[in-house]
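When we follow the numbering used here, the leftmost residue of the sequence shown carries the number -16, and every step to the right adds one. Positions of the beta carbon are idealized from the N, C-alpha and C atoms, including for glycine.
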Amino acid sequence: MGAGCLGITLGSVKAPSIFCLELDPQVFDQRLEAAKKAIEDRLLELICHDSTDPGELTQLADAQRTVSFLQKTEQKNMR
């Protein structure tokens, strides 16, 4: 029952349809977890390859904050 989806790019990696307007709470949780994992995987990849692209690191930090905000907002709405 999702509405529209928006793909994102994490550095050179396209992560299609991770962030979506999703009306089903269970699917929303799954999408947030998928986004969180994609971000963490990319950070690990950068660390393992000694890549210190400040632009990509900034994008990943922003993405982490966005996922965290969405998780907190969802928890408040569940109360």
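Between the Cα of Gln47 and those of Asp7, Gln58 and Glu16, spot the shortest distance and give me the residue it belongs to. For the residues Asp7, Gln58 and Glu16, the minimum Cα distance to Gln47 belongs to Glu16.
Taking the alpha helix (DSSP H) that Glu16 falls in, what are its first and last residues? Run containing Glu16: Pro8 to Cys31, per the alpha helix (DSSP H) assignment.
Given a cut-off of 7 Å, decide if Ile22 and Leu43 are closer than it, judged by their beta-carbon atoms. Yes. Within cutoff.
Do the CB positions of Glu5 and Arg14 come within less than 7 Å of each other? In this structure, Arg14 lies closer than 7 Å to Glu5 by Cβ.
Give the single residue among Phe11, Leu26 and Val10 whose Cα lies nearest to the Cα of Asp45. Taking the Cα of Asp45 as reference, the smallest distance to any Cα among Phe11, Leu26 and Val10 is reached at Leu26.
Which listed residue (Gly38, Asp7 and Lys20) has its alpha carbon closest to that of Ser51: Comparing Cα positions, the closest option is Lys20.
Collapsed DSSP secondary structure at Glu5 in the structure displayed: Looking at Glu5 - three-state DSSP - the assignment turns out to be coil, as it is neither helix nor strand.
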